[in-house]
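Colleague:
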Amino acid sequence: MKLTYRDAVRDALREALRADPRVILVGVDIGAYGGTYAATRGLLAELGPERVRDAPLAESAFVGAGVGAALGGLKPIVEIMTVNFSLLALDQIVNGAATLRHMSGGQLEVPLVIRMATGAGRQLAAQHSHSFENWFAHVPGLRVVAPATVADARGMLATALRERDPVVIFEHVQLYGIEDDIEPAPVDLDRAAVRRVGTDATIVTYGGSLPRALAAADLLAAAGTSAEVIDLRTLRPLDTETVLASVARTHRAVIVDEGWRTGSLAGEVAAIIGERAFWSLDAPVGRVCSAEVPMPYAKHLELAALPSAEAIVAAVTAVLHA
Amino acid sequence: MIPSREQALGMLRAMVRVRRLEERCAEDYAAAKIRGFLHLYIGQEAIAAGVLPALGAADSVVATYREHGHALLRGLPARAIMAEMYGRSGGCSRGRGGSMHLFSREHRFFGGHGIVGAGLPVAIGLALADKLLGTRGVTCVFFGEGASAEGEFHESLNLASLWRLPVLFVCENNLYAMGTALARSEAEPEIHKKAAVHRIGSEVVDGMDVAAVTEAASQAIDRVRETGAPWFLECLAYRFRAHSMFDPELYRDRSEVETWRTRDPITQLVSRMAGAIMPEDIAAIEAEAAAEIADACAFADASPLEPVEDLLLDVRAP
Ligand SMILES: Cc1ncc(C[n+]2csc(CCOP(=O)(O)OP(=O)(O)O)c2C)c(N)n1
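In the order they appear, the protein sequences are chains G and V.
What the first sequence shows, in the numbering used here, is residues 6 to 327, in sequence order.
What the second sequence shows, in the numbering used here, is residues 679 to 996, in sequence order.
In structure tokens:
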């Protein structure tokens, strides 16, 4: 079945709403407007305003209401337009949703799914373009996933809804338009995926950087280098085994992460490789991250700030010749 | 409302239980058996004692860090509360939450929240679930007047009204948010007027008068249940003790506290009901409360610490 990533998200939401009357959608402009990225278009007409619930601009309150609704027996799926606006709801997610199971001695469960768009590439400048996935992946009590393919976008929601903990889903804005021929299937939230098999170096990435990493692997292949590409898929908990097994074979690793380098997920993965695969490394671990600057508007500057296929090729070449 | 003898005894018993439990907490704090923050409710007991008995078992409660009294009167056993204070595994949160984070799923007591204002959105969601699941449950959320300066307060009132949700907002206006007097933090110090802006009906009640709170609360809860719409109860009260055990109380005069102490909700009830409440009633209630607390503390003392091996239990994606 040929689908775009956007269609896949919508089909998954529709399927969830149809399958369980306790599932509701809450978010700004998900109903009448059809979703900022059109992922929820048509669902209001089909399922009505009680279950496809347009919220006012009150990120903290409607995310917190998602927490309460989950405690009260619903299975809410809350959409935050983009990760940039999720900062207004961080308290409810980090101090609230993430803590309640443990802090209540295991009594309370918050089966809440929070979806949000992330990432740059649309010239939206410094308040609409950032990637804060690592902020969430930092927090025990959350599960954080980043579907990077149409199949994952289609399958991850159902798996997330089976979780009894809060799950944060990051949908990269550059991915909504990608297309693939897939059969809907359940997606494992625990394992990273090897998207391309290779022998000379491992490129570890996630989300919107996957297409760039694959493009880099193509360029490398043309130059005679065989790069393995790992899509982390789940950012918390990290599937370290898949990463370590690959590095044990290739002896070289480059991590590609659209977040800023300082305090990044790339740094976490590099640290894990350093701790657990140090003796199989033939070169220092490389990182390709966004430039440490608020994302600029001008196209050439935005492109310069983001990880590019060329920068990934350069980083892999560097670890090969280290 | 003039309560019957039975009603008055019930109110007195509730307030005395909370007062004595918290006095014991203060002692145990001094003895270093309780640590962390401890926010005492002493002076404000009439509010919890007036509101909580009016709720049903299927209703939900959300409270703040100043919630020992609410938890006790919601039916959490004193044993589980004291063991939580002591950080023991027999505590209602297995000793992981402490004074500020009492929880009981069984009693639909959903915290125990340490972030000012953060319980309000959670209450909105609980009420949304009740509405969509058709349970006719009411969610009652307690907060201080200080919380009304938070954006979440306004966001939550708007949502409750816009979505017509069965929430009872109970603002415990004790005039101070830590050391910040009401007039120094609110351009509109009459908190209930903020509810009107969101088209939520409200009532202001003397929060030192347990009979008045009882009457207002039971009417409010009935109204919320019947209409499915939110209501706002502002209870004017005063806390007699420091904000927490770390507060030197530089921001108010002793004389102000002493003046308010003349309106102590317990002595007020007893003197107003003189003739109906007898000295032997008081003695019996005090003895019961003392026995309950002694039993709770003995239980808490005997309750084991959670094994360190269980540190990560209940974190499922470590
Ligand atoms: C968001 C947030 N800011 C600050 C604090 C620190 N703090 C704890 S209680 C409190 C005062 C709150 O006053 P009020 O809401 O009136 O409740 P009261 O303590 O009087 O019961 C403050 C500032 C906090 N816990 N959360």
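Every residue gets a Cβ at the ideal spot worked out from N, C-alpha and C, and that includes glycine.
In chain order, which continuous runs of the beta strand (DSSP E) of length 3 or greater are located wholly inside the region 143 to 179 of chain G?
Modeller: Fully enclosed beta strand (DSSP E) runs of 3 or longer: 148 to 150 and 172 to 177.
Colleague: Can you tell me the Cα-Cα spacing of residue 731(V) and residue 209(G), whole angstroms?
Modeller: The residue you call residue 731(V) lines up with position 53 of the second sequence. The residue you call residue 209(G) lines up with position 204 of the first sequence. One C-alpha to the other measures close to 57 Å.
Colleague: Assign residue 135(G) to buried or exposed, taking buried as 16 or more other Cβ atoms, counted over all protein chains shown, within 10 Å of its Cβ.
Modeller: The count along the first sequence starts at 1 and reaches residue 135(G) at position 130. Residue 135(G) is buried by the Cβ-count criterion.
Colleague: Below 6 Å CB to CB, which residues in the same chain sit around residue 239(G) once its five sequence neighbours on both sides are set aside?
Modeller: The residue labelled residue 239(G) in the question sits at position 234 within the first sequence. Cβ neighbours of residue 239(G) beyond the five flanking positions: 150 and 194.
Colleague: Near residue 148(G), which residues of its chain fall below 8 Å by C-beta distance, leaving aside the five closest residues on each side in sequence?
Modeller: As a first step, residue 148(G) must be located in the first sequence, where it is residue number 143. Cβ within range, chain order: 165, 168, 170, 171, 172, 173, 194, 239, 241 and 242.
Colleague: Could you give the residue range of the alpha helix (DSSP H) that holds residue 255(G)?
Modeller: As a first step, residue 255(G) is located in the first sequence; it is residue number 250 there, counting from the start. Its alpha helix (DSSP H) spans residues 245 to 255.
Colleague: Between residue 72(G) and chain V, is there a C-beta pair that is closer than 8 Å?
Modeller: Locating residue 72(G) in the first sequence gives position 67, counting from the first residue. Yes, residue 72(G) lies at the interface with chain V (some Cβ there is under 8 Å from its Cβ).
Colleague: Step through the CB atoms of chain V and report whether any lies within less than 8 Å of the CB of residue 59(G).
Modeller: The residue labelled residue 59(G) in the question sits at position 54 within the first sequence. Not an interface residue.
Colleague: Taking the alpha-carbon of residue 318(G) as reference, which of 80(G), 159(G), 233(G) and 178(G) has the nearest alpha-carbon?
Modeller: Start at 1 with the first residue of the first sequence, and residue 318(G) comes out as number 313. Closest by alpha carbon: 233(G).
Colleague: Look at the alpha carbon of residue 190(G) and the alpha carbon of residue 198(G), and state the distance between them as a whole number of angstroms.
Modeller: Looking up residue 190(G) in the first sequence gives position 185. Looking up residue 198(G) in the first sequence gives position 193. Going by the C-alpha atoms only, they are around 15 Å apart.
Colleague: Determine the direct distance from the alpha carbon of residue 18(G) to that of residue 51(G), and round the result to whole angstroms.
Modeller: Within the first sequence, numbered from 1, the residue matching residue 51(G) stands at position 46. Within the first sequence, numbered from 1, the residue matching residue 18(G) stands at position 13. Each residue's alpha carbon lies about 12 Å from the other.
Colleague: Tell me whether residue 855(V), by its Cβ, gets closer than 7 Å to a heavy atom of ligand 1.
Modeller: To locate residue 855(V), count along the second sequence from 1; it is residue 177. Yes, Cβ of residue 855(V) sits closer than 7 Å to a heavy atom of ligand 1.
Colleague: So does residue 779(V) have its beta carbon nearer than 7 Å to some heavy atom of ligand 1?
Modeller: Working through the second sequence from its first residue, we reach residue 779(V) at position 101. It does not: the Cβ of residue 779(V) is nowhere closer than 7 Å to a heavy atom of ligand 1.
Colleague: Determine, using beta carbons only, whether residue 33(G) and residue 60(G) come nearer to each other than 8 Å.
Modeller: As a working note, residue 33(G) is residue 28 in the first sequence. As a working note, residue 60(G) is residue 55 in the first sequence. Yes, these two residues count as a Cβ contact at 8 Å.
Colleague: Using the beta-carbon of each residue, which ones in chain V are nearer than 7 Å to residue 329(G)?
Modeller: What the structure shows of chain G is the stretch from 6 to 327, and residue 329(G) is not part of that stretch, so it cannot be assessed.
Colleague: Do residue 138(G) and residue 123(G) have their CB atoms nearer than 8 Å?
Modeller: Position 133 of the first sequence, counted from the first residue, corresponds to residue 138(G). Position 118 of the first sequence, counted from the first residue, corresponds to residue 123(G). A contact, by the Cβ cut-off of 8 Å.
Colleague: Are there any heavy atoms of ligand 1 lying less than 7 Å away from the beta-carbon of residue 104(G), as far as the coordinates show?
Modeller: Within the first sequence, numbered from 1, the residue matching residue 104(G) stands at position 99. Not so, every heavy atom of ligand 1 lies at least 7 Å from the Cβ.
Colleague: Can the beta-carbon of residue 799(V) be found closer than 8 Å to that of residue 767(V)?
Modeller: Your numbering for residue 799(V) matches position 121 in the second sequence. Your numbering for residue 767(V) matches position 89 in the second sequence. The answer is no: Cβ separation not under 8 Å.
Colleague: If we define contact as Cβ-Cβ less than 8 Å, is residue 241(G) a contact residue for chain V?
Modeller: Within the first sequence, the letter at position 236 stands for residue 241(G). By this cut-off, residue 241(G) is an interface position.
Colleague: On the three-pair Cβ rule with 8 Å, is the region 101 to 118 of chain G touching the region 43 to 58 of chain G?
Modeller: Not touching, per the Cβ criterion.
Colleague: For residue 865(V) and residue 9(G), what's the separation of their Cα atoms in angstroms?
Modeller: Working through the second sequence from its first residue, we reach residue 865(V) at position 187. Working through the first sequence from its first residue, we reach residue 9(G) at position 4. Rounded to whole angstroms, residue 865(V) to residue 9(G) spans 51 Å at the Cα level.
Colleague: Rounded C-beta distance between residue 251(G) and residue 204(G)? I'm assuming under 8 Å.
Modeller: Residue numbering aside, residue 251(G) sits at position 246 when the first sequence is read from its first letter. Residue numbering aside, residue 204(G) sits at position 199 when the first sequence is read from its first letter. Actually they are not in contact, since the Cβ atoms of residue 251(G) and residue 204(G) sit about 10 Å apart, beyond 8 Å.
Colleague: Relative to ligand 1, is the shortest distance from any of its heavy atoms to the C-beta of residue 824(V) smaller than 7 Å?
Modeller: Position 146 of the second sequence, counted from the start, is the residue given in the question as residue 824(V). Result yes, Cβ under 7 Å from ligand 1.
Colleague: What residues in the region 945 to 958 of chain V have a beta carbon less than 8 Å from any beta carbon of chain G?
Modeller: Cβ contacts with chain G: none found.
Colleague: Using the three-state DSSP reduction, which class does residue 293(G) fall into: helix, strand or coil?
Modeller: Looking up residue 293(G) in the first sequence gives position 288. Strand, per DSSP.
Colleague: What residues of chain V sit near residue 280(G), judged by a beta carbon separation below 7 Å?
Modeller: Within the first sequence, residue 280(G) is the residue found at index 275, counting from 1. Those within 7 Å of residue 280(G) in chain V number zero; the least Cβ separation is about 16 Å.
Colleague: State whether the region 115 to 122 of chain G contacts the region 70 to 86 of chain G, with contact taken as three or more CB pairs (one from each stretch) at a distance under 8 Å.
Modeller: Output reads yes: the region 70 to 86 of chain G touches the region 115 to 122 of chain G.
Colleague: Are residue 702(V) and residue 971(V) touching if we call contact CB-CB under 8 Å?
Modeller: Taking the first residue of the second sequence as position 1, residue 702(V) is located at position 24. Taking the first residue of the second sequence as position 1, residue 971(V) is located at position 293. Going by C-beta atoms, residue 702(V) is nearer than 8 Å to residue 971(V).
Colleague: So, does the region 932 to 943 of chain V touch the region 308 to 324 of chain G, judging by three or more C-beta pairs under 8 Å?
Modeller: Result no; under three Cβ-Cβ pairs closer than 8 Å.
Colleague: Interface residues of chain V around residue 285(G) at Cβ under 8 Å?
Modeller: Within the first sequence, residue 285(G) is the residue found at index 280, counting from 1. Chain V residues near residue 285(G): none, gap ~25 Å exceeds 8 Å.
Colleague: DSSP three-state label for residue 997(V), please.
Modeller: The structure shown does not extend to residue 997(V), since chain V is modelled only from 679 to 996, so the question has no answer here.
Colleague: Note down, in chain order, every chain V residue with its Cβ under 7 Å from the Cβ of residue 145(G).
Modeller: Taking the first residue of the first sequence as 1, we reach residue 145(G) at position 140. Near residue 145(G) (Cβ distances below 7 Å), the residues of chain V are 993 and 996.
Colleague: Is residue 921(V) a contact residue of ligand 1, with contact defined as CB to any heavy atom under 7 Å?
Modeller: Within the second sequence, the letter at position 243 stands for residue 921(V). Yes, since a heavy atom of ligand 1 falls inside the 7 Å radius drawn around the Cβ of residue 921(V).
Colleague: Are the CB atoms of residue 858(V) and residue 738(V) nearer to each other than 8 Å?
Modeller: As a position in the second sequence, residue 858(V) is number 180, starting the count at 1. As a position in the second sequence, residue 738(V) is number 60, starting the count at 1. In this structure, residue 738(V) does not lie closer than 8 Å to residue 858(V) by Cβ.
Colleague: Is it the case that the CB of residue 68(G) approaches a heavy atom of ligand 1 more closely than 7 Å?
Modeller: Indexing the first sequence from 1 puts residue 68(G) at position 63. No, Cβ of residue 68(G) sits at least 7 Å from all heavy atoms of ligand 1.
Colleague: Could you give the C-beta distance for residue 64(G) and residue 85(G), rounded to a whole number, given that I count them as a contact under 8 Å?
Modeller: For this step, residue 64(G) is matched to residue 59 along the first sequence. For this step, residue 85(G) is matched to residue 80 along the first sequence. At roughly 6 Å, the Cβ-Cβ gap stays under 8 Å, so residue 64(G) and residue 85(G) are in contact.
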